[in-house]
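Going down the list, the protein sequences come from chains A and B. When you line the first sequence up against the numbering used here, it's residues 283 to 563, in that order. When you line the second sequence up against the numbering used here, it's residues 225 to 554, in that order.
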Amino acid sequence: MLGRAPQDTPAGIGTYLFLSVTALFAAFPLYWMFVIATSTDEATSQLPPVVIPGDRFLANLEEVFSLQDVYFAASLVNSVIVATAVTASVLFFCSLAGFAFAKLRFRGSRALMLFVILTLTVPNQLGIVALYIVMGRLGWNGTLLAVIVPGMVTAFGVFYMRQFIVNTVPDELVEAARVDGASTMRIWWTVALPAVRPALVVLGLLTFVATWNDFQWPLITLNGTDYPTSMVAISDLASGNYVIYRRVLAGAFVATVPLLIMLVIGGRQIVRGIMEGAVKS
Amino acid sequence: MPTTRAAGEPALRRRGAAPDRSMTWRDRLHRFDVRYVPYLLIAPFFLLFLVFGLFPMVFNAVVALRHWRLDQPDLTGWAGTENFRRLFTDGDFGNALYNTFGIFLLSTIPQLLLALVVASMLNRRLRGQTWWRVSALLPYITPITASTLVFNVFFARDLGMANWALGLVGIGTENPIDWRADKLHSWIAIATMVNWKWVGYHALLFLAAMQSIPRDVYEASALDGAGPWRQLWRITVPMIRPVLIFSVVLSTIGGLQLFTEPMLFDLNAQAATGGSGGEWQTVAQLIYRVGWKDLNLGYAAAMSWALFLIILVVAALNTALTNRMSGGRR
Chain A
283 MLGRAPQDTP
293 AGIGTYLFLS
303 VTALFAAFPL
313 YWMFVIATST
323 DEATSQLPPV
333 VIPGDRFLAN
343 LEEVFSLQDV
353 YFAASLVNSV
363 IVATAVTASV
373 LFFCSLAGFA
383 FAKLRFRGSR
393 ALMLFVILTL
403 TVPNQLGIVA
413 LYIVMGRLGW
423 NGTLLAVIVP
433 GMVTAFGVFY
443 MRQFIVNTVP
453 DELVEAARVD
463 GASTMRIWWT
473 VALPAVRPAL
483 VVLGLLTFVA
493 TWNDFQWPLI
503 TLNGTDYPTS
513 MVAISDLASG
523 NYVIYRRVLA
533 GAFVATVPLL
543 IMLVIGGRQI
553 VRGIMEGAVK
563 S
Chain B
225 MPTTRAAGEP
235 ALRRRGAAPD
245 RSMTWRDRLH
255 RFDVRYVPYL
265 LIAPFFLLFL
275 VFGLFPMVFN
285 AVVALRHWRL
295 DQPDLTGWAG
305 TENFRRLFTD
315 GDFGNALYNT
325 FGIFLLSTIP
335 QLLLALVVAS
345 MLNRRLRGQT
355 WWRVSALLPY
365 ITPITASTLV
375 FNVFFARDLG
385 MANWALGLVG
395 IGTENPIDWR
405 ADKLHSWIAI
415 ATMVNWKWVG
425 YHALLFLAAM
435 QSIPRDVYEA
445 SALDGAGPWR
455 QLWRITVPMI
465 RPVLIFSVVL
475 STIGGLQLFT
485 EPMLFDLNAQ
495 AATGGSGGEW
505 QTVAQLIYRV
515 GWKDLNLGYA
525 AAMSWALFLI
535 ILVVAALNTA
545 LTNRMSGGRR
């Protein structure tokens, strides 16, 4: 775990200085989003720039939430619905499929897993026009179904769960459960799932963040509807001849808060999840 | 194999011994469970991919070969290669391609180099390790829509912080830079947003790989008199090559499909023009414009297929290049 190369031994002041500056750069836009969200119009266009939050956060929020043409509160609710539904479904289906690929024997499992991995490299943009037409035929354009259903199970999730289950669920345990007469589903529920709880947390967090932040497809399929997701609503707020940034960014900040909370609570796991995913891919 | 056999044998025995009805029913259930349930478990992925991934991909090619306009539903029929031929003479497409590659180069290269440096810093013995790593993910979790709008304020011409900071070091004090007026400046602004978002993420990927490098390799090279810089290029980079290539492919696919940043950098976001003269309009943005503003889905589909082919070629080239540069030779 520790940096062990000889040049690392006493991490010098230079390292901390460098890392502090990068961390500052990483955090600054977020911080500044909050500053503008709490300020007046004058304060946001002032040089040298204001770097201390003002006291107008609630007033700016009230303005965003009472807008007549963008229903921001409803869009936030939609985002919660979409991200929660997708996350729950990804965890369910990906842990099932991951379990099957890791611990069950069936004809063609290797080839099918290879196929899953290959789909990871397909840029999703490729079929976006046709996807829109398909959704039109299904009558789903403009509804949340169009945003939820295509994301309900992901290749990354299947791959990630499989990897984790291979490494953490012992074959003996699965066999023992079989001999005791447990069905496949029961083994999944009582043997596999409890062992992979950390992986479920990581996959859940990553899926939630990705779904919450998705912009392009929701913009296409929900465009022109009154109740899009919050990311589309933010872009609505920023469209027009004159953009009132303290208002837009107050809204944007509210839409960022749930993710910030997740990072604070699950930061260590997310980091580990990303790093583990990297080594194995 | 053991899982199926351990369970299969008692079932066989039972079937031979007792032709009891309830038993056979249980046997059948069991057989079904062992043989077919695995397919049921993996079916959702394949079903969903078929309907919302593979089919649209193939169908996209059909749409690209047809007339398909949202505003003229009666104009159907084959267009042949018309949509594709139009690409070659379409100035907008050429411009978008040029912008995409410009922004791509300005983002990917600094991004991965910086990530390498950050990762090697994070790989040192540090206090508050977790804290540094988590802070690297702050940009990753921030919605691009939100951060792009912050950067918009940042890159304002007259009262923006970027120009103010540049003015402190004596750049542009007479004529403040108009970040939306020309290609180079708008590309730099957008590339800054992309880099901000992804440096930390890639740094963590690199860090993961760096941690599996044995320390004696460094010790040996230190004895040979190699400094930190030399060690980074001669040891670290070659040894994390697989992750490096993964990152390059990832950022190639992502960079060539850049959409949100150029969309919202526009002061009138949903016009999707990418600047008054298309200064920073990317291909993904043009596809959106052609498809959902001009309502010509057939042509948009042709563009997205062309983009896909371009991504394939560039990703392959970059993989080869990275492979070579990171020690495919001495």
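We put the CB at the ideal spot given by N, CA and C, even for glycine.
Counting only beta-carbon separations shorter than 8 Å, does residue 332 of chain A have a partner in chain B?
no
Using only alpha-carbon positions, find the residue among A:317, A:369, A:472 and A:534 that is nearest to residue 431 of chain A.
Taking only the C-alpha atoms, the option nearest residue 431 of chain A is A:369.
Taking the DSSP output, what are the residues bridged to residue 520 of chain B?
Beta-bridge pairing links residue 520 of chain B to B:293.
Applying the 10 Å Cβ sphere with the 16-neighbour rule, what's the burial state of residue 446 of chain A?
buried
Short check: CB of residue 288 of chain B to CB of residue 516 of chain B, under 8 Å?
no
Note the first and the last residue of the continuous alpha helix (DSSP H) segment covering residue 480 of chain A.
479-495
Is residue 398 of chain A buried or exposed, if buried means 16 or more other CB atoms sit within 10 Å of its CB?
buried
Does the beta-carbon distance from residue 473 of chain A to residue 455 of chain A come in below 8 Å?
yes
Suppose the cutoff is 7 Å on Cβ atoms and the five residues either side in sequence are ignored; what does the same chain contact list for residue 496 of chain B look like?
487, 509, 512, 513 and 517
In whole angstroms, give me the CA-to-CA distance for residue 308 of chain A and residue 380 of chain A.
When rounded, the distance between both Cα atoms is 35 Å.
Since residue 454 of chain A is in the alpha helix (DSSP H), which residue starts that stretch and which ends it?
Looking at the DSSP string, the run of the alpha helix (DSSP H) that includes residue 454 of chain A is 453-461.
Can you tell me where the alpha helix (DSSP H) holding residue 342 of chain A begins and where it ends?
339-347
Does the distance from the C-beta atom of residue 427 of chain B to that of residue 339 of chain B stay below 8 Å?
yes
Can you grab the Cα-Cα spacing for the pair residue 483 of chain B / residue 518 of chain A, in whole Å?
In a straight line, the C-alpha of residue 483 of chain B is about 16 Å away from that of residue 518 of chain A.
Pair every Cβ in the stretch 413-430 of chain B with every Cβ in the stretch 347-364 of chain B, then say whether three or more of these pairs are closer than 8 Å.
yes
Assuming residue 336 of chain B and residue 471 of chain B make a contact with CB atoms under 8 Å, what is their CB distance in whole Å?
6 Å
Excluding five sequence neighbours on each side, which residues of the same chain lie with their C-beta closer than 7 Å to the C-beta of residue 364 of chain A?
426, 429, 430, 493 and 511
Figure out for me which residue from A:341, A:542 and A:448 has the closest Cα to the Cα of residue 530 of chain A.
A:341
Where DSSP assigns a beta bridge to residue 355 of chain B, which residues make up the other side?
Answer is none; residue 355 of chain B lacks a bridge partner.
Taking only the alpha-carbon atoms, compute the straight-line gap between residue 313 of chain B and residue 554 of chain A and give it to the nearest angstrom.
49 Å
At a CB-CB cut-off below 8 Å, which residues of chain B make contact with residue 516 of chain A?
367, 369, 370 and 373
Can you say whether residue 485 of chain B is buried or exposed, counting buried as having 16 or more other CB atoms within 10 angstroms of its CB?
Taking a 10 Å sphere around the C-beta of residue 485 of chain B, we find 16 or more other C-beta atoms and assign the residue as buried.
Between the Cα of residue 441 of chain B and those of B:292, B:430, B:429 and B:461, spot the shortest distance and give me the residue it belongs to.
B:461
Considering residue 433 of chain A, what are the terminal residues of the alpha helix (DSSP H) in which it resides?
No alpha helix (DSSP H) contains residue 433 of chain A, which DSSP labels as neither H nor E.
To the nearest angstrom, how far is it from the Cα of residue 266 of chain B to the Cα of residue 375 of chain A?
8 Å
How far does the alpha helix (DSSP H) with residue 407 of chain A in it reach, from first residue to last?
Taken as a continuous stretch (DSSP letters only), residue 407 of chain A belongs to no alpha helix (DSSP H), as it is neither H nor E.
Spatial neighbours of residue 307 of chain B within its chain, please: CB distance less than 6 Å, with the 5 preceding and 5 following residues excluded, ordered by chain position.
288, 522, 523 and 526
Looking at the strands, I want to know which residues DSSP matches up with residue 302 of chain B.
DSSP links residue 302 of chain B through a beta bridge to B:290.
Grouping DSSP H, G and I as helix and E and B as strand, with all else coil, what is residue 231 of chain B?
Caution applies to residue 231 of chain B, whose pLDDT of 44 falls short of 50 and renders its modelled position unreliable; the model cannot decide the point.
Ignore the nearest five residues each way along the sequence and tell me which others in residue 225 of chain B's own chain have a CB closer than 6 Å to its CB.
At residue 225 of chain B, the pLDDT of 38 sits below 50, so the modelled position is not reliable and the matter cannot be decided from this model.
Keeping to the same chain, check which residues put their C-beta closer than 6 Å to that of residue 395 of chain A; ignore five residues upstream and five downstream.
383
Near residue 336 of chain A, which residues of its chain fall below 7 Å by C-beta distance, leaving aside the five closest residues on each side in sequence?
320, 321, 322 and 325
Measure the alpha-carbon distance for residue 353 of chain B versus residue 487 of chain A and round it to whole angstroms.
Approximately 21 Å between the Cα atoms of the pair.
Using a Cβ cut-off of 8 Å (strictly closer), state whether residue 405 of chain A contacts chain B.
At least one beta carbon of chain B lies nearer than 8 Å to the beta carbon of residue 405 of chain A.
If we count Cβ pairs, one from each stretch, closer than 8 Å, do we get three or more for the stretch 341-353 of chain A versus the stretch 530-549 of chain A?
yes
Closer than 8 Å by beta-carbon distance: list the chain A residues that pair up with residue 492 of chain B, in chain order.
521, 522 and 523
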